[in-house]
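Report on one structure; see the data block that follows.
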């Protein structure tokens with residue numbers, strides 16, 4: 211057994227688990243944060259994407275014990291004071307989800323790509339950056355629109371200020 | 033989805049990691065990014081009793097210049113390689129290749145050392161390392177040794193690594209200014225291992241190829257250096273006849289598995305096409 215301590219969505223949390231426990235199961239079953247999903251067993255689908263120390267990672271392929279000491283953000287940690295994160299709002303506005311199963315991972319990946327590309331996102335880059343997330347419902351088109359829209363919104367304020 | 037039980041270790045030094053690995057023997061595996069090993073464990077293809085996590089060992093990460101080589105720590109991630117100015121300047125084929133490996137999340141975590149030490153012929157970096165003349169530093173209970181990438185791969189999941197040894201760094205000669213390079217990979221979709229892929233580096237002068245190296249991915253049980261194919265283009269202007277000669281010579285050393293990616297004949301055929309395309313693109317990048 212291992213003791214795992216994490217900073218999750220700004221709060222320190224800890225729990226005991228087996229050494230073999232995957233981070234996604236720790237998040238869902240020990241921490242009760244079930245927005246993070248499991249869509250495959252081969253590290254392909256990206257439904258389990260979270261941020262670990264600021265990077266989007268697939269929590270199905272990381273051990274909880276490996277992650278101990280790290281800072282994690284899950285989909286539950288994105289909205290602030292009941293107000294949707296711009297990426298969440300854009301997925302709603304642009305119909306970037308249907309069944310909603312891939313959406314938490316998609317949104318976490320989108321936030322990461324917007325952070326990294328600093329406003330210079332274009333459609334080919336968005337599609338390339340989405341390569342680790344599979345969606346069965348949308349055909350991706352509206353997800354791309356949502357991410358480009360959120361990116362424009364998140365960077366328009368800064369550009370205006372500059 | 034559920035791995036078998038094991039005990040987790042996180043040594044703080046390389047010496048401790050080597051000691052653990054040699055004491056625990058075959059039931060222990062080093063854990064790098066974990067993006068080949070953990071998936072294998074989830075399918076119970078691998079059932080180690082001990083995992084030795086290398087992420088606490090700072091010296092295994094980073095890229096530094098050492099004489100005429102770049103030395104890349106084994107735990108350096110694909111993401112780090114894509115964003116390294118030194119790599120972009122001196123070994124741009126690494127960036128090109130890393131961008132064809134897996135997806136953004138996997139590249140944040142998967143390491144160069146894990147990719148080259150894994151021993152799966154599907155991994156892309158081993159052939160690139162062969163084409164570049166890289167060597168691997170191995171640290172074991174009896175000390176340190178260097179093994180050329182061209183001598184490292186013996187079969188599928190069968191490498192020159194001895195029990196207790198850890199691959200700690202990859203040393204790659206800096207490529208000459210103005211060299212041409214290309215990694216051409218045919219795959220069914222993003223994140224797939226290659227149906228066939230070819231790595232090429234070359235230099236040109238006066239419109240003719242002066243030096244060339246070609247290596248092949250997933251076209252045999254191991255990555256393969258296509259020496260005769262490279263020889264076939266040296267001294268030529270890479271006209272159609274030279275390209276065809278290179279493809280023919282490269283096909284002679286291919287022996288790909290038949291699987292969902294196609295028959296052995298198909299993969300050999302497209303393997304030659306990858307060689308021709310990689311040569312053409314490398315030449316277009318080379319200072320003539």
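Protein chains in written order, with the numbering used here: chain A, 211 to 372; chain B, 33 to 320. The beta-carbon is built from N, C-alpha and C at its ideal position, and this holds for glycine as well.
Chain B within 8 angstroms of residue i, Cβ atoms only
{"i": "residue 239(A)", "result": "no"}
{"i": "residue 370(A)", "result": "Residue placement at residue 370(A) is flagged as unreliable, the pLDDT there being 45, under the threshold of 50; a coordinate-derived value is accordingly withheld."}
{"i": "residue 354(A)", "result": "no"}
{"i": "residue 359(A)", "result": "no"}
{"i": "residue 215(A)", "result": "no"}
{"i": "residue 328(A)", "result": "no"}
{"i": "residue 257(A)", "result": "no"}
{"i": "residue 218(A)", "result": "no"}
{"i": "residue 335(A)", "result": "no"}
{"i": "residue 212(A)", "result": "yes"}
{"i": "residue 265(A)", "result": "yes"}
Chain B contact residues for residue i, given Cβ-Cβ distances below 8 angstroms
{"i": "residue 280(A)", "result": "Going along chain B, no residue has its Cβ under 8 angstroms from residue 280(A), so there is no contact; the nearest lies around 10 angstroms."}
{"i": "residue 317(A)", "result": "Here the premise fails: no neighbours, minimum Cβ distance about 14 angstroms."}
{"i": "residue 339(A)", "result": "136"}
Partner residues on chain A for residue i, Cβ-Cβ distance less than 9 angstroms
{"i": "residue 74(B)", "result": "232, 251, 252, 253, 270, 271"}
Proximity test, Cβ basis, 8 angstroms: residue i and chain A
{"i": "residue 137(B)", "result": "yes"}
{"i": "residue 38(B)", "result": "yes"}
{"i": "residue 198(B)", "result": "no"}
{"i": "residue 223(B)", "result": "yes"}
{"i": "residue 154(B)", "result": "no"}
{"i": "residue 215(B)", "result": "no"}
{"i": "residue 140(B)", "result": "yes"}
Beta carbon of residue i nearer than 8 angstroms to that of residue j
{"i": "residue 315(B)", "j": "residue 218(B)", "result": "no"}
{"i": "residue 271(A)", "j": "residue 66(B)", "result": "yes"}
{"i": "residue 143(B)", "j": "residue 107(B)", "result": "yes"}
{"i": "residue 315(A)", "j": "residue 256(A)", "result": "yes"}
{"i": "residue 262(A)", "j": "residue 324(A)", "result": "no"}
{"i": "residue 230(A)", "j": "residue 38(B)", "result": "yes"}
{"i": "residue 304(A)", "j": "residue 361(A)", "result": "no"}
{"i": "residue 302(B)", "j": "residue 256(B)", "result": "no"}
{"i": "residue 268(B)", "j": "residue 232(B)", "result": "no"}
{"i": "residue 342(A)", "j": "residue 174(B)", "result": "no"}
{"i": "residue 154(B)", "j": "residue 250(B)", "result": "yes"}
{"i": "residue 301(A)", "j": "residue 313(A)", "result": "yes"}
{"i": "residue 163(B)", "j": "residue 247(B)", "result": "yes"}
{"i": "residue 277(B)", "j": "residue 307(B)", "result": "no"}
{"i": "residue 179(B)", "j": "residue 192(B)", "result": "yes"}
{"i": "residue 297(A)", "j": "residue 321(A)", "result": "yes"}
{"i": "residue 215(B)", "j": "residue 132(B)", "result": "yes"}
{"i": "residue 319(B)", "j": "residue 210(B)", "result": "yes"}
{"i": "residue 57(B)", "j": "residue 195(B)", "result": "yes"}
{"i": "residue 158(A)", "j": "residue 212(B)", "result": "With chain A covering 211 to 372 only, the question about residue 158(A) has no answer from this structure."}
{"i": "residue 336(A)", "j": "residue 358(A)", "result": "yes"}
N- and C-terminal bounds of the alpha helix (DSSP H) containing residue i
{"i": "residue 127(B)", "result": "124-130"}
{"i": "residue 47(B)", "result": "46-56"}
{"i": "residue 302(B)", "result": "296-317"}
{"i": "residue 189(B)", "result": "Taken as a continuous stretch (DSSP letters only), residue 189(B) belongs to no alpha helix (DSSP H), as it is neither H nor E."}
{"i": "residue 164(B)", "result": "157-164"}
{"i": "residue 111(B)", "result": "110-114"}
{"i": "residue 145(B)", "result": "144-149"}
Contact list for residue i against chain A, beta-carbon separation under 7 angstroms
{"i": "residue 85(B)", "result": "276"}
{"i": "residue 71(B)", "result": "252, 253, 271"}
{"i": "residue 33(B)", "result": "251"}
{"i": "residue 88(B)", "result": "Ordered by position in chain A, no residue passes the 7 angstroms Cβ test against residue 88(B), which lies about 10 angstroms from the chain."}
Terminal residues of the beta strand (DSSP E) in which residue i lies
{"i": "residue 215(A)", "result": "212-218"}
{"i": "residue 281(A)", "result": "281-283"}
{"i": "residue 171(B)", "result": "167-172"}
{"i": "residue 240(A)", "result": "First-last for residue 240(A): undefined, no H or E at that position."}
{"i": "residue 33(B)", "result": "Run containing residue 33(B): none; DSSP gives neither H nor E here."}
{"i": "residue 39(B)", "result": "39-41"}
Identified DSSP bridge partners for residue i
{"i": "residue 232(B)", "result": "214(B), 246(B)"}
{"i": "residue 223(A)", "result": "216(A)"}
{"i": "residue 290(A)", "result": "293(A)"}
{"i": "residue 60(B)", "result": "82(B)"}
{"i": "residue 97(B)", "result": "102(B)"}
{"i": "residue 350(A)", "result": "Residue 350(A) pairs with nothing; no bridge assigned."}
{"i": "residue 205(B)", "result": "101(B)"}
{"i": "residue 74(B)", "result": "None, per the DSSP bridge assignment."}
Chain B contact residues for residue i, given Cβ-Cβ distances below 7 angstroms
{"i": "residue 320(A)", "result": "Result: empty, since nearest Cβ-Cβ is about 11 angstroms, beyond 7 angstroms."}
Amino acids of chain A, ordered along the chain, whose beta-carbon sits closer than 8 angstroms to that of residue i
{"i": "residue 66(B)", "result": "271, 272, 273, 276"}
Within chain B, the residues that residue i reaches when beta carbons sit closer than 9 angstroms
{"i": "residue 153(A)", "result": "Residue 153(A) lies beyond the range of chain A shown here (211 to 372); nothing can be said about it."}
{"i": "residue 342(A)", "result": "134, 135, 136, 137, 138, 139, 222, 223"}
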